[in-house]
Each structure stands twice: as C-alpha cells, then as structure tokens.
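As you go down the protein sequences, you meet chains H and R in turn. Under the working numbering, think of the first position of the first sequence as 8, with each following residue one higher. Under the working numbering, think of the first position of the second sequence as 648, with each following residue one higher. Glycine included, each C-beta is placed from N, C-alpha and C at the ideal position. No experiment lies behind these values; they were computed from the predicted model shown.
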Amino acid sequence: MTATVPGLTAPRKARKLRVAQRRTDTGLTVVVVRKPGVPLVEVRLRVPFQSAAETHPARAALLSDSLLTGAGSYDRAGLAAAVQALGADLSVGVDADRLMLSANVLATGLPQLLGLLAIVLTEPSFDRDEVATERDRLSERLGIARSRPGVIASERLATRMWGQHPYALDLPQPDAVAATTPAQLRRLHADRVRPSGAVLVVVGDVSPQRVVDDTESALAGWTGKAPKPRMPALPTPQPGPLLIIDRPGSVQSSLRMGRAAIPRSDERYPALQLANLIFGGYFSSRWTENIREDKGYTYGPHSHVDHQVLGSTLSFDVEVATEVTGPALLETNYELGRIASLPVTEEEVEAARQYAIGTLALSTATQSGLASTLAALAAFDLGLDWVLSHPGRLLATGVDEVSAAAATYFAPSGLTAVIVGDATTITAPLAALGAIEE
Amino acid sequence: MPRPPKLPSPSFDLTHHTLGNGLRVVVAPDPSAPVVGIAVLYDVGFRSEPQGRTGFAHLFEHLMFQGSANLEKLEHFRYVQSSGGTLNGSTHLDYTNYFEALPSNALERGLFLEADRMLSPRITPENLANQLEVVKNEIRVNVMNRPYGGFPWIYLPALLFDTFANAHNGYGGFEDLESATVEDARDFFTRYYAPANAVLAIGGDLDVDDTLAMVEKHFAGIAKRRPPKRPKFGEPPLSAERRSTHEDAHAPIPAVAIGYRIADPIGSLDDHLANVLLAEVLSDGDASRLQRRLVQRDHLVTDVAAYLGEFGDPFDERDPTALTVIAHYPQAASLDAILAATDEEFARIAESGLDPGELDRVRTRIVSVLLRELDAVMSRTLEFAKFELIYGRAELIAELPERLRAVSEDAVRAAAAALRPDRRAVLELIAGGAR
Chain H
8 MTATVPGLTA PRKARKLRVA QRRTDTGLTV VVVRKPGVPL VEVRLRVPFQ
58 SAAETHPARA ALLSDSLLTG AGSYDRAGLA AAVQALGADL SVGVDADRLM
108 LSANVLATGL PQLLGLLAIV LTEPSFDRDE VATERDRLSE RLGIARSRPG
158 VIASERLATR MWGQHPYALD LPQPDAVAAT TPAQLRRLHA DRVRPSGAVL
208 VVVGDVSPQR VVDDTESALA GWTGKAPKPR MPALPTPQPG PLLIIDRPGS
258 VQSSLRMGRA AIPRSDERYP ALQLANLIFG GYFSSRWTEN IREDKGYTYG
308 PHSHVDHQVL GSTLSFDVEV ATEVTGPALL ETNYELGRIA SLPVTEEEVE
358 AARQYAIGTL ALSTATQSGL ASTLAALAAF DLGLDWVLSH PGRLLATGVD
408 EVSAAAATYF APSGLTAVIV GDATTITAPL AALGAIEE
Chain R
648 MPRPPKLPSP SFDLTHHTLG NGLRVVVAPD PSAPVVGIAV LYDVGFRSEP
698 QGRTGFAHLF EHLMFQGSAN LEKLEHFRYV QSSGGTLNGS THLDYTNYFE
748 ALPSNALERG LFLEADRMLS PRITPENLAN QLEVVKNEIR VNVMNRPYGG
798 FPWIYLPALL FDTFANAHNG YGGFEDLESA TVEDARDFFT RYYAPANAVL
848 AIGGDLDVDD TLAMVEKHFA GIAKRRPPKR PKFGEPPLSA ERRSTHEDAH
898 APIPAVAIGY RIADPIGSLD DHLANVLLAE VLSDGDASRL QRRLVQRDHL
948 VTDVAAYLGE FGDPFDERDP TALTVIAHYP QAASLDAILA ATDEEFARIA
998 ESGLDPGELD RVRTRIVSVL LRELDAVMSR TLEFAKFELI YGRAELIAEL
1048 PERLRAVSED AVRAAAAALR PDRRAVLELI AGGAR
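Following this line, the structure appears as structure tokens:
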C-alpha cells in the first residue's frame, strides 16, 4: 500500500495580542500582555546584574538563593505560605547579566503577589541564620554541579574562550561563597536591586492597562538607580588545539566547542539561525542524522546560538561513547567542513525556515513561554514586535545568505574546543585527527 | 495573611469517538492559538515487558520513529519539523506516548504520520542495531556517566517491590537490550500496539467534525486486533522495613530515597488525592513541613522532596504506585537523624493535624499547578490522553479541583499515619565521588 503524505492547508494567523507598556517614574519598564486561556498570570522581573568585581559571582548567587528567606514582617516560612496561598510560585535566578524573579499565580491573586514582590524588593531580611543555611546549601549544590561532566566541560570552555572575563566566572568558587556575609548581600541588594533599567513582564488572563496601573502603584515604593557597571569588552575567542580534560573511567566523552556569533539585531542573524538548524540545531539536522541516526555514537548532539548582553555565542555540545570518541570527532569535523565549504540546499533551508517559524509560534503560544521570551528579549531592547516580525525576516532569507553564514561561522578551524573523558582511551584517537593539548 | 482565592476549574469541550477497530479518540477544540497537539498513547509500559527483556518497551519506543508503512527512515522527523512542529515520545510504567505539536495547518499531516506507524513501523535489523546504540548512549548520559543518575527511579523499585513487573530496571540492562531481536519487536508490536489498545487525543485549533473525518480516513483502515488482557500488578504494603545501599561513583555527597507502596490510585481516587495533598504539605516550598524541619531547622539536608509516581506525576500510574521522599545531605552520618526527623514529621501530622490555613493554601497551589499544565496545547492534549487511558475519563481533569476541595484534613492525617517505618524501603546512596 502506498499513500501520499497530506499537504499543508492554508496557515491560520495568530490572534492579535493586547499589550500595554509604560516606563514608570522610577525607571522601571512594565510590559503587560493579555493572553487568556488558563486563569493564570506569569510574571518576570529582570534586573540588570553585571559586575566585573571578583567577589560578584559568589555574592550574586548567594543573594539569589537568600532573597526569599524573609522580608518585611514575613519570616521565611511566612513568606512562602503567603505566596502559596495565592496559588503562586516565586523563584529567583541569576547569571552574569541579570537577576530574574519569576512567578506564576492564579489571576485573582496578582494584586497580592505584586504586594509581596514589593516587600521582597524593598525590605529583604538577609537574616544571619538563613544566609548561613543558604551558604552551606549553595556550596553543596556547586559541588554537585561540578561533578557533572557537562558542567566541567562548559566551565573549561568558557575559560578558554573568555579568559578572565566575568562571563567565564559565572559559577562561583566555594571559598568565595564561604566568605560571603549577610552585610555584603544587603549592600549588593541596596546598590543593584533597583528599578531603573529593570523590566517587569506580566502575561496572562488580565486587562493590560489596568495591570500596568496596578503594578506601577504596587511598586511605587521601590526606587533608586543602580550605578552603571564597568564591564570589560568581551575578548575574541582564540581557536586552538583540542584541550583534553581527564575524567578517568568516564563511559562517555563530553565535547564542547564554541565561537563568537552575532546578535539578533544583526541583519545576518536569520541566516545564521537557519544555518545552525541545518547543522545541528534540531533533530532533522546533518549532525544528528549522521552521528545519531546513522552511526549511533550518541543520544544526541546539539548546536545552538546563545545571546548574552555583551555578545552572542555559537556552541556545540555532544556526549559520545568513549570507544567511538575519535570517529565521532571525525564525523563532526566532516560535517563542519562540509557546511562551511559547500552550499546548503533549498530544501534544507525551507525545512529549517518552517521549523523556526513554527516553533517560535509554539513557544510564544503559552503564557510562560511568552513571558520568558519577552523578558529575555528585553535585555536587548527587543519586544513583541521582534517576535511578530521575525517570521518575515526568515522568509526573506535566501539559500546564498545561509550558505555564506555557514561558511563564516561553522569552519572547524575557527572553533575553540575542549573534551572531558577518559584520557588514556581517547587521547591517541583524538591526536590522530588534529592538534591536542593535555 | 490574604484570604485564599476562590479555586477556578478548567473547562473544555471534549468529543469522544471510538473507531470500528477499537481506537478511542478524544477531540478538544480550542481556537485561542493556531496550533494543534496530537498524542497517541499505547497501553503498554515497562511494567509489561517480559523477563530477560528489561528496557524493551523503551527500546521499542525508539523503533517507532524509524520509518513506517509509507515513510523511509528519518522522514517522520522531517515531515513534522519541516511543517513547523516538534515531536517526541516517552515510555512510562503503564503506557508509552508519541506526540507532536504542529501549526494547525499541518493537522492532517500529523494524523497521517501517527496512523502510518500504528499501521506498520519499519522494524529492520539495521534500525534495531542503530537504536540499540542510541539507547545505550541515552543510558550512559542519563545514568552511568553522571552523579545521581537513575537515582532513585531505577534503583528504589528493586527494593520497594517484589514482582519483576514492578521491581525491574525500566531502562534495561545492556545484556538484555543487546539480546533483543527483530522478531521480539514484531511480536511486541502485534501484541501491544493494536488500535484497540490505544488512545488518540487531538487538541487545539481544529473543527471537530473535520477532525473526526480525518481520523476515520487515516486510522479506520488499520485492522482490528484483540487488545492484550492487562495483568494486575498490585502488591500489598510492606510489613517490615527494608534497607539497602546503592554505590554511585560520581556523587560528591550522599542521598537517600525512602519509598512507600501506594495502592490503587484509580479505584481509591479520593484516598489518592489525600496522598497528593500530603506530598505537597511535606515538601512544596519553604513553608512545607520537611523543608522547615530538615533544611531550615535541623540543617540536615541540602534539599528534600516528596512526590507520588515514579517520575513525580501522581496521575501517571495504575496500581501500585509509590510515595517517595528523596534528600541529598552533606554528612553520611546524618541518615538516622534524617529518618527520625521524617518519621516525627509524619507522626505530627497524623496526631496533631494541619495548621490553620495550611490545607487551603496547599490545595490552591495544586489547582494552580494543574491549570498551568493545561496552558500549552501539547501538554494539555497529553493530559487528556493520559486521563482517558489511565482513568478511563479525560473529563476527570475538570473535576479534580472539586474532588480536591472535598478531601478532609482527617484524610490527610490518615495518609500521614500510613507512612510508618515498618512500611518503608530505605535506599542509601553511597557517595563514591566524595573528595
């Protein structure tokens, strides 16, 4: 029996979203999008948090972990109970660019949640005992993180690419965590957790204009301006020999490679995005179809473009079985060389384009997806307009532009690379393929 | 403290239909975004795999992506992704799911792709050999090469349960996986992948009648086969404590998993919901009992979590399921103190009940989590299919907030009282990576 795969019918347009946005007197930007569906609301508050200070990663991480351990008249359990009673969850995360408070709440509880948020932003306790508890937990969690081969490899690659730049030192060191005090957290909070330059995104079953007003008044008492951080420019990563990091007995090798890329605002970005998909950015990519679906060397390779405020990165991650580490690198280099040297096909570009357009729609079709996307874009002064206009940019990108982006960014000679694995087994096969460093 | 908000219930229109070959279909229109979700759940999971074939249900899941009646290898992925969609599959204790989220203009294409592999997956020696290597690499990356890999889901059942069905490793041993044959896979397909042993759910931007017509067109031609008889897997509660250890070469600090058998979540749903509330009282957030006691007061553990179901979904399994408490802790000598404190907290709930407002806020949070699960078209469609398959009724999702509201504090106390030391299995993880 042979049947034909059904064609696509005419695409339906997404409904227009109702949006309200305001920059308040305190310098906070509030963006509210009405997105009904479930009677919930997603909240993201992005506070710029860059710093070149050596002590910053440990202080920032501990501040993030301690921020919800009490505020105003609430002790730790009292604050958590008040959040839970709203059907809410409130959490904090930090990286080298920003502090992010994330919440979801039943729509009826949004006003009270904003009230609790205001207290956390203006009157955090940083109680001595609670900070001590979180300091120990942070050290233990860092120990766990650094026992994972992928984390070891990523940290070493970051150092090799960015040297002593703060972007390479994102994950704090245990002794720096141990030396951090509640007074230092209070000072960091007072200096940097300020509304000027921060962005609050609210998405959900709400009336945008009213929520902008409510948010402005709920957070009116959160004031002040953070000093502009003096960050060094991001260095240009240097390609070099493959660095082998020994992890005796490892049953897989973790390969990580990277290079500098371009931001979303660059006119060549859509071409890079498509080239990345074709290479290793989705399942139907050359890298996956070769080393997973043909050779079975791995559960799955991934390449991706990541955007940080000071620069964008093209990265390659894969875990391959120890005994096929050499052949897996051979195939990887072959696919890199192929996409950098020969044009991609019209069919490949069209498939990647439809995937990019479709998954953008899927990821912004949920309240949480849209809120996270808008909070991430806000760091680059991009917003909903960018999401809505990006399909047009992808549609306007031709095969030649994608091939040109591939030639520029995927050349194997331009990558910085590290591998974590069982050195006694993998060193010789890797050395046979190119320069290594042990 | 603010007054607890009124609890909303989700609402949706479900249309049910059963094809002549026995395939059960659930259609759930929602025009809010131009996307659709398609989920096919087969009523077979790793509890049903035969002795000597551990991991087979999961290996077979991989083979369902290797081409089918009208599709070459790689084409299934390419058709979904080049239509702008995403896809995956996963193997659970009691079922295996396959699903795709697509722009709504690809609905019929998605239905065709699912029908084509329900008709006949391409099970060849080459595909089997290739996916055997992929699965071994999946196990290496998720279990063998990382700290706490497979802990506790692979190792605790072996201590907590007695029968092969409940106790064995669902990822499978390499020897068992390597001995799997094309013949085994064809037999497994014939036996368990009958249309009458599956549920198809479709949600999102669609017209119900058009969708049902497409379903008839693509699925009705698949021959009817008798579905297998589902065995009973129930095991009574333990009557004496069990203890064991698990060596983890990579873990820097020890961990413990404490498991309790939980009977019949479907037949005794209200008792089960009391357990769901109890797990939330125990470990959700900084106001929960075990966080306050073990993390904040006694400083015994780095983190602690209590959950139902092997992968943390309380509605994912039939009889039996499990309640698990897991903790990571820096000092190996703390284990007895952790167990004693945990028992004290269970006893405190059983004897003194809950604090004023405690049950209400926990209930409110659970309802909020249930609603959030229904926002994305894909997870919503998967939930419809799962409740239809496991509970026999997708509509139950909309009734859960009311059913939760009806659970009394006494029921939660009774659930806590059942977590006695003689009913638990304690698996201690020995940290081989400690420096």
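For residue i, return the contacting residues in chain R, with the cut-off set at a CB-CB distance below 8 Å.
i, result
"lysine 20/H", "Pro681"
By the criterion of Cβ-Cβ separation under 7 Å, what are the contact partners of residue i in chain R?
i, result
"valine 258/H", "Arg787, Met791 and Asn792"
"proline 13/H", "Glu755, Arg756 and Phe759"
"tyrosine 306/H", "Val781, Asn784, Glu785 and Val788"
"threonine 332/H", "None at all; the shortest Cβ gap to chain R is about 12 Å."
"glutamine 374/H", "Asp1022"
"arginine 148/H", "Thr949"
"arginine 155/H", "Arg793 and Pro794"
So, is residue i buried or exposed, given that buried needs 16 or more other C-beta atoms within 10 angstroms?
i, result
"methionine 648/R", "With a pLDDT of 39 at methionine 648/R, under the threshold of 50, the modelled position of that residue is not reliable, and the figure given next carries that caveat. Looking at its Cβ environment, which holds fewer than 16 other Cβ atoms inside 10 Å, methionine 648/R is exposed."
"alanine 403/H", "exposed"
"threonine 339/H", "buried"
"glutamine 938/R", "buried"
"aspartate 198/H", "exposed"
"leucine 349/H", "exposed"
"glycine 1039/R", "exposed"
"phenylalanine 693/R", "buried"
"lysine 1033/R", "buried"
"histidine 663/R", "exposed"
"glycine 914/R", "exposed"
"phenylalanine 958/R", "exposed"
When you compare only the Cα positions, how much space is there between residue i and residue j?
i, j, result
"arginine 163/H", "serine 715/R", "43 Å"
"valine 727/R", "serine 751/R", "12 Å"
"proline 799/R", "alanine 904/R", "6 Å"
"valine 1016/R", "glycine 850/R", "20 Å"
"glycine 405/H", "aspartate 324/H", "27 Å"
"proline 912/R", "alanine 65/H", "45 Å"
"glutamate 147/H", "threonine 949/R", "7 Å"
"glutamate 326/H", "leucine 437/H", "15 Å"
"leucine 749/R", "leucine 15/H", "11 Å"
"lysine 819/R", "leucine 120/H", "The sequence shown places glycine at residue 819/R, rather than the lysine named in the question. Going by the C-alpha atoms only, they are around 46 Å apart."
"proline 652/R", "asparagine 111/H", "Caution is warranted here: a pLDDT of 49 is assigned to proline 652/R, below 50, making its placement in the model unreliable, and no coordinate value can be reported."
"alanine 776/R", "alanine 335/H", "17 Å"
"serine 71/H", "phenylalanine 56/H", "11 Å"
"valine 790/R", "glutamate 300/H", "21 Å"
"leucine 1051/R", "valine 158/H", "41 Å"
"proline 655/R", "phenylalanine 1031/R", "18 Å"
So which residues on chain H does residue i lean against when the C-beta distance must stay under 9 Å?
i, result
"glutamate 1075/R", "Result: empty, since nearest Cβ-Cβ is about 17 Å, beyond 9 Å."
"glutamine 943/R", "Thr76, Arg83, Ala84, Asp136, Glu137 and Thr140"
"arginine 1052/R", "Under the 9 Å cutoff, chain H gives no residues; its nearest Cβ is about 13 Å from arginine 1052/R."
"asparagine 777/R", "Arg299, Glu300, Asp301, Lys302 and Gly303"
"valine 862/R", "What valine 862/R touches in chain H: nothing, since even the nearest Cβ is about 13 Å away."
Quickly, what does DSSP pair residue i with across the bridge? List them, please.
i, result
"glutamine 259/H", "Ala328/H"
"tyrosine 954/R", "Thr971/R"
"glycine 308/H", "It is proline, not glycine, that sits at residue 308/H in the sequence shown. Partner(s): none; proline 308/H has no beta bridge."
"serine 737/R", "Asn744/R"
"glycine 318/H", "Gln315/H"
Going along chain R in order, which residues have a C-beta closer than 9 Å to the C-beta of residue i?
i, result
"isoleucine 433/H", "Those do not exist, as isoleucine 433/H stays about 13 Å from chain R at its closest Cβ, beyond 9 Å."
Cβ closer than 8 Å: which chain H residues qualify as neighbours of residue i?
i, result
"arginine 725/R", "Ser291 and Ala358"
"histidine 946/R", "Thr140 and Asp143"
Please compile the residues from chain H whose C-beta is within a distance smaller than 7 Å of the C-beta of residue i.
i, result
"serine 751/R", "Arg19"
"glutamine 728/R", "Tyr289, Phe290, Ser291, Ala358 and Tyr362"
"glycine 732/R", "Gly365"
Checklist entry - Is the segment 697–715 of chain R in contact with the segment 870–885 of chain R, if contact means three or more CB pairs nearer than 8 Å? => result no
* Asked: Below 8 Å, can you find three or more Cβ-Cβ pairs linking the segment 32–46 of chain H to the segment 148–157 of chain H?
  -> no
Practice task
Could you say if the segment 305–320 of chain H and the segment 238–256 of chain H meet the contact criterion of at least three C-beta pairs nearer than 8 Å?
Solution key: yes
#### Entry: Inter-stretch contact at 8 Å, needing at least 3 Cβ pairs: the segment 971–988 of chain R / the segment 1042–1049 of chain R
no
At least three beta-carbon pairs within less than 8 Å, the segment 991–1001 of chain R to the segment 802–813 of chain R
Flag = no, the segment 991–1001 of chain R and the segment 802–813 of chain R do not touch.
Problem set entry | Validate contact between the segment 90–100 of chain H and the segment 994–1013 of chain R using beta carbons, cut 8 Å, 3 pairs | yes
- Between the segment 927–943 of chain R and the segment 958–966 of chain R, do at least 3 Cβ pairs fall closer than 8 Å? no
Could you check whether the segment 195–210 of chain H touches the segment 219–236 of chain H, counting it as contact only if at least three pairs of C-beta atoms, one from each stretch, sit closer than 8 Å? yes
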